[in-house]
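Chemist:
Protein chains: 4
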Amino acid sequence: MGLTIGVDIGGTKIAAGVVDEDGAILETHTVPTPPTAQGIVEAICSAVAGAGSGHEIEAVGIGAAGYVDDKRATVLFAPNIDWRHEPLKDKVEHRVGLPVVVENDANAAAWGEYRFGAGRGHDDVICITLGTGLGGGVIIGNKLRRGRFGVAAEFGHIRVVPDGLLCGCGSQGCWEQYASGRALVRYARQRANATPENAGILLGLGDGTPDGIEGKHISAAARQGDPVAIDSFRELARWAGAGLADLASLFDPSAFIVGGGVSDEGELVLDPIRKSFRRWLIGAQWRPHAQVLAAQLGNKAGLVGAADLARQG
Amino acid sequence: MGLTIGVDIGGTKIAAGVVDEDGAILETHTVPTPPTAQGIVEAICSAVAGAGSGHEIEAVGIGAAGYVDDKRATVLFAPNIDWRHEPLKDKVEHRVGLPVVVENDANAAAWGEYRFGAGRGHDDVICITLGTGLGGGVIIGNKLRRGRFGVAAEFGHIRVVPDGLLCGCGSQGCWEQYASGRALVRYARQRANATPENAGILLGLGDGTPDGIEGKHISAAARQGDPVAIDSFRELARWAGAGLADLASLFDPSAFIVGGGVSDEGELVLDPIRKSFRRWLIGAQWRPHAQVLAAQLGNKAGLVGAADLARQG
Amino acid sequence: MGLTIGVDIGGTKIAAGVVDEDGAILETHTVPTPPTAQGIVEAICSAVAGAGSGHEIEAVGIGAAGYVDDKRATVLFAPNIDWRHEPLKDKVEHRVGLPVVVENDANAAAWGEYRFGAGRGHDDVICITLGTGLGGGVIIGNKLRRGRFGVAAEFGHIRVVPDGLLCGCGSQGCWEQYASGRALVRYARQRANATPENAGILLGLGDGTPDGIEGKHISAAARQGDPVAIDSFRELARWAGAGLADLASLFDPSAFIVGGGVSDEGELVLDPIRKSFRRWLIGAQWRPHAQVLAAQLGNKAGLVGAADLARQG
Amino acid sequence: MGLTIGVDIGGTKIAAGVVDEDGAILETHTVPTPPTAQGIVEAICSAVAGAGSGHEIEAVGIGAAGYVDDKRATVLFAPNIDWRHEPLKDKVEHRVGLPVVVENDANAAAWGEYRFGAGRGHDDVICITLGTGLGGGVIIGNKLRRGRFGVAAEFGHIRVVPDGLLCGCGSQGCWEQYASGRALVRYARQRANATPENAGILLGLGDGTPDGIEGKHISAAARQGDPVAIDSFRELARWAGAGLADLASLFDPSAFIVGGGVSDEGELVLDPIRKSFRRWLIGAQWRPHAQVLAAQLGNKAGLVGAADLARQG
């Protein structure tokens, strides 16, 4: 098979990219994300047409946030778009005249990393994505594992604190409330509020108030040695690593790949995650340890992964 | 392939059973469990010889508590026997002259239920065993998933309460401290101590003191309507169901099978587990729900499963 | 001393009442609550003038939500009014020409119950108020204990769940997030959402949706046997009783008084609170047990208590 | 009043000391702690006689671990001695012919610090004792507050983690399981086991194994910069400070005094406790902050406090 197109649906823009068999992106076409559910379908088709023009495309893979059914055809539920049992595959196939595969975006990103990024050479890989929330994907025996109904690997919503923080999903104590970009900001604001004298650099990067702290400030401040920023990353890592230890007890992969915006900070966040993982790994002295690796494809992982999943059919 | 032998290593006896292709046990031979690690190896061989005599046996499967390596040959660590990197497959093959497969006992039981019990007809099944502790096994795509290093599906040791109860594994807050036979007894004793007036039946079945309460008393008392016994099962179910909801977020199977001694109580424990599972299932309105089924093979599941895994090679 | 006036500042109206030495309210005057901080001061004076006209008044006591300083003069911080270091005593004394005492409203209510309600005859009483939030007051040795800086007895904000629910105070896991009217509504909505088939009566009393459930519906539904409503009260009681057990370990009073809107349900909520209290009371077999009593003065407790505190000077 | 005797009952020896009005110990007499409950009564009398010989003694105060009734006469329950409703005051008065006051040992120590140690000049003081377990005492309005039944200030057994660690008291999640000398050792052992490469100094001070780590090793290793030892103190301080913040919400004292063996480490443990206290103090910007002070009397606090309570009558 030759070229396929991967589609990434973001909050502000939709990107379609032509991807070859080696995971290289030959061309990208982006369009703004429309406000309506139906508009987004049309924008996807438009982006695909724009990217594919002049290439011979064999299939299209779409990464979508939310639950995708086991046929990889219907979006059962999307958190940020008003899609409920949306037959996305049929609609897009009808318009663009190519085979379409729909996949959960975190699954697509996991597949991208497994095929062309940090996961190459591993048969059993767990990918977690520390973005605004926490998502992930599971590769076992060189196959993406989607569950019986297509909704596996919803890592962000396992309960790590009984009676814990409210989550947008309606439950409490979900992992993504403790290990995600949003959690990182909360940690930093709480700590800057309680001990502003330890957050001088951090507060200076924003508007001077705890509520003005954003994710980018925390990274920059941590690199400059701000105690509150460093401690906030450590707290995030404490929860992330403990969760990876749980995933090791369940899946026992050979490697974990940590992606998402938070992981862009590299060893600043990876190193404490590894330490926390080791701290909580059960039976650590009796088992080989999974590696904890930084993702390599950045925010292209989802697009590349979706394209490759379409290629696999 | 014809007949194989499955071996179950219990605390007081070791059972070897001749099993046919349909999972039927044709003959069983048991020997007492010796106190030493080496003695147990010999007893396994003796039980296999005793059961196999007069049958044409093609392979032997051994279910062992503990970590078993990815080659299904070496017991890396056993909690109750002094085996550390014990080459059990080689030792037994050498003695009995048949191909041997070693498997974690909870994995073997899961496989038995999947093949011949409650899991028949399902491709993706999670089995949990509520015995003294909590174990389990994962079948995805009709294959037992053992992880990269052979130690997957250690369900009992995921952390459900940060800073929670100490566990024999050295960690804190492990699921099996909250959902297991041992937890059930703790719940009943604590409640009977605090409110003995609600535990009249339960206390009457033992020696009259909270510390004298044992598992069998709780089942009997619950059936007679004892409030503390019923509440203890409900507490167990609260934790068991919440954990199943986490497993659904991770694995998304079509069915859960609940086995182990606690599950012998049937609907008394299954019904509240189902309710708790539904209570905590994320995205319940947008997804098909996995069934929560009672195991069907009782304490034969491990022996039958081990024999069948040996048959599969 | 003869008559004093107590003032209760509510969200919609401000009530001033003339109270005699026996805690009887002789006359009440209410005015609407203005939207501004300064307007509220004027409204308090207006209500006091209205109620006091025709009586010989000797002093005024004002119950205010928030932190009140140790001199009972300045509101350090009010959660719902824009008062920050507000010299309320001076302002009101200047206008009405009478001695004024300012007191935290939950402290005032506790004092009211101690003097004229459920606490009569006890020397050491802890009062908790289960309203929208959770407040309280401490009487030890027949004196209201306000702490060194005036801000004791902020029961609602002790941490009962590490890393738990966010609280309006900026912290996490505060008791009032688990034991209060607001918590009760959350419990009912979550349960009705998860198991609507067990919430038929409850859902029928509102608009049919979980989000339409309000506190009054839960009480009514519980009285009609609705399983979700009953379970919601039980969950509230579980947390309330466990907290009382902690307070017993700390203060060891002879009685707890439970007031606030939630307690209007009487034994529906008191009985499970008592059970939970006994369940968690430390050393229960070695100590006399504090009584858990229903408040008797309803929403008049604060006004009557404030008036009496003014009388005491 | 002139001289009184204070008695401290330790696990290995019983000390009686003659104390003057300024809290100075003029003479001490110690005897070994006998193994039986009755033997201990006799040993107390013997120690009192030995110390008092040659002095004019007016009263005796005995500090005893456990619940002491509101008449300060009977030990309702002692955790380490087989005393159940033991009429200690009567027995000792009968033998020594002097007025006797029995007091909970942590209360006695709190009183000692309030009168002659770190608490001088404060009217409202909370003392916590971080020894093997966690005890404490409450002074409000210059009086020791014992509760209605004599069993107040059992700080160690408030629940800080629902479903948390088992406690010797029969409950779960008690504060002393997270903030005490025993907790400190657990933290160090767990961390040394998980990351021995960060515990080189610590492990070198004991027998080289995590289980060989004792409290004294942790202090010494922390002073030498051992990361695991330092982190163990930080974890202890995290829980201690959060609990002090709860006590501030409840009692609002002007000072906390931290005593017990753990506090002998001074700023090594005090400084992180202060930080954690500030981190969790509710309404920190709207209230004066209580000081967190190191105890000054060391292990003499209980003896001196008991003697002074006897003087006060």
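Protein sequence lines, in the order shown, are assigned to chains A, B, C and D. Numbering follows the UniProt record's numbering, in which position 287 of the first sequence is assigned residue number 287; successive positions increment by one, without gaps. Numbering follows the UniProt record's numbering, in which position 6 of the second sequence is assigned residue number 6; successive positions increment by one, without gaps. Numbering follows the UniProt record's numbering, in which position 268 of the third sequence is assigned residue number 268; successive positions increment by one, without gaps. Numbering follows the UniProt record's numbering, in which position 160 of the fourth sequence is assigned residue number 160; successive positions increment by one, without gaps. Idealized CB from N, CA, C, for every residue including glycine.
#1: Under the three-state reduction of DSSP, which class applies to Gly-208 (chain C): helix, strand or coil?
#2: Given this structure, state the Cα-to-Cα distance separating Ala-192 (chain D) from Ala-106 (chain D), to the nearest angstrom.
#3: Using the Cα positions of Gly-52 (chain A) and Asp-70 (chain B), report the straight-line distance between them to the nearest angstrom.
#4: Over the uninterrupted beta strand (DSSP E) stretch that includes residue 314 (chain A), give me the two end residues.
#5: Locate the alpha helix (DSSP H) running through Phe-77 (chain D), then write down its first and last residues.
#6: What would DSSP say about Cys-174 (chain B), mapped onto helix, strand or coil?
#7: Name the chain C residues whose beta carbon is nearer than 8 Å to that of Asp-163 (chain B)?
#8: Sorted by chain position, which residues of the same chain lie with C-beta nearer than 7 Å to Phe-155 (chain C)'s C-beta, five sequence neighbours on each side aside?
#9: Looking at the strands, I want to know which residues DSSP matches up with Gly-164 (chain C).
#10: Ignoring anything shorter than 3 residues or poking outside the region 69-145 of chain A, list the beta strand (DSSP E) runs there in chain order.
#11: Mind checking Lys-216 (chain D): buried by the 16 CB within 10 Å criterion, or exposed?
#12: Classify Leu-26 (chain C) as buried or exposed, calling it buried when 16 or more other Cβ atoms lie within 10 Å of its own Cβ.
#13: In this structure, what does DSSP give as the bridge partners for Val-292 (chain B)?
#14: Anything in the region 143-172 of chain D with a Cβ closer than 9 Å to a Cβ of chain B? List those residues in chain order, please.
#15: To the nearest angstrom, how far is the alpha carbon of Gly-63 (chain A) from that of His-55 (chain A)?
#16: So is Val-24 (chain B) buried or exposed if we call it buried at 16+ other beta carbons inside 10 Å?
#17: As a quick exercise: from B:Val-185, B:Gly-259 and B:Asp-124, pick the residue whose alpha carbon is nearest that of Gly-212 (chain B).
#18: Just checking, does the region 176-183 of chain D make contact with the region 101-118 of chain D on the three C-beta pairs under 8 Å criterion?
#19: Just mark Arg-115 (chain D) as buried or exposed, buried being the case when its beta carbon has 16 or more other beta carbons within 10 Å.
#20: Expressed to the nearest angstrom, what Euclidean distance is found between the alpha-carbon atoms of Pro-32 (chain C) and Pro-87 (chain A)?
#21: Under a Cβ-count criterion, where at least 16 other Cβ atoms within 10 Å of its own Cβ denotes burial, should Asp-226 (chain B) be classed as buried or exposed?
#22: Hey, quick one: how far does the alpha helix (DSSP H) through His-217 (chain D) stretch, first residue to last?
#23: Would you say the region 291-299 of chain B touches the region 152-169 of chain A, given that touching needs at least three Cβ pairs under 8 Å?
#24: Answer with buried or exposed for Gly-168 (chain A), where buried requires no fewer than 16 other C-beta atoms within 10 angstroms of its C-beta.
#25: Hey, would you say Thr-4 (chain D) sits closer than 8 Å to Gly-61 (chain D), going by beta carbons?
#26: Taking DSSP as the reference, what is the three-state secondary structure of Asp-231 (chain D)?
#27: Taking only the alpha-carbon atoms, compute the straight-line gap between Ala-109 (chain A) and Ile-257 (chain A) and give it to the nearest angstrom.
#28: With distance defined between alpha-carbon atoms, name the residue in B:Gly-208, B:Glu-267, B:Gly-283 and B:Gly-11 nearest to Ser-219 (chain B).
#29: Please report how far the alpha carbon of Phe-149 (chain B) lies from the alpha carbon of Ala-73 (chain A), in whole angstroms.
#30: Closer than 9 Å, Cβ to any Cβ of chain A: which residues of the region 249-280 of chain B, in chain order?
#31: Output, in chain order, the set of chain A residues within a Cβ distance shorter than 7 Å of Phe-77 (chain B).
#32: Less than 8 Å between the C-beta atoms of Asn-80 (chain B) and Ala-59 (chain B), yes or no?
#33: Taking only beta carbons into account, state which residues of the region 178-200 of chain D come closer than 9 Å to chain A, listed in chain order.
#34: On the criterion of 16 or more Cβ atoms from any shown chain inside 10 Å, does His-85 (chain B) qualify as buried, or is it exposed?
#35: Look up His-29 (chain A) in the DSSP assignment and give the residues it is bridged to.
Modeler: Short version:
#1: coil
#2: 32 Å
#3: 45 Å
#4: An answer regarding residue 314 (chain A) cannot be provided, because it is not within the stretch 1 to 313 covered by chain A.
#5: Unbroken run through Phe-77 (chain D) is the beta strand (DSSP E), 75-77; no alpha helix (DSSP H).
#6: strand
#7: Pro-162
#8: Ile-128, Leu-134, Gly-135, Gly-136 and Trp-175
#9: A:Gly-164
#10: 75-77, 84-86, 100-104, 125-130 and 134-140
#11: exposed
#12: exposed
#13: B:Phe-256
#14: Val-160, Val-161, Pro-162, Asp-163, Gly-164, Leu-165, Leu-166, Gly-170, Ser-171 and Gln-172
#15: 21 Å
#16: According to the sequence shown, residue 24 (chain B) is Ala rather than Val. That one is exposed.
#17: B:Val-185
#18: no
#19: buried
#20: 55 Å
#21: buried
#22: 215-223
#23: no
#24: exposed
#25: yes
#26: helix
#27: 11 Å
#28: B:Glu-267
#29: 34 Å
#30: Ser-249, Leu-250, Phe-251, Asp-252, Pro-253, Ser-254, Ala-255 and Trp-280
#31: Gly-283 and Trp-286
#32: no
#33: Gln-190, Arg-191, Asn-193, Ala-194, Thr-195 and Asn-198
#34: exposed
#35: A:Ala-16
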